[in-house]
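In the UniProt record's numbering, the protein residues as written are 1 to 50.
Set out below in structure tokens:
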């Protein structure tokens with residue numbers, strides 16, 4: 001059952017990341033790219049909350 005939660009979390013995080021990148025390209029707004037970088041940073045450090 002834990003792998004369902006992990007799979008949902010990965011799809012959710014990558015979906016937000018992809019949406020931020022898409023919006024930043026379409027609207028030429030660097031703030032959305034900054035948000036995407038922050039989200040990718042949370043992906044790297046998300047599993048180390050022990």
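We put the beta carbon where it would ideally sit given N, CA and C, even for glycine. This one's a predicted model, so the numbers in the text were calculated from it and none came from an experiment.
On a CA-only basis, which of the options is nearest residue i? Give me that one, please.
i          : options       : result
residue 37 : 18, 28 and 26 : 18
residue 42 : 5, 14 and 8   : 14
Assuming contact is defined by CB atoms lying nearer than 7 Å, are residue i and residue j in contact in what I supplied?
i          : j          : result
residue 16 : residue 34 : no
residue 32 : residue 23 : yes
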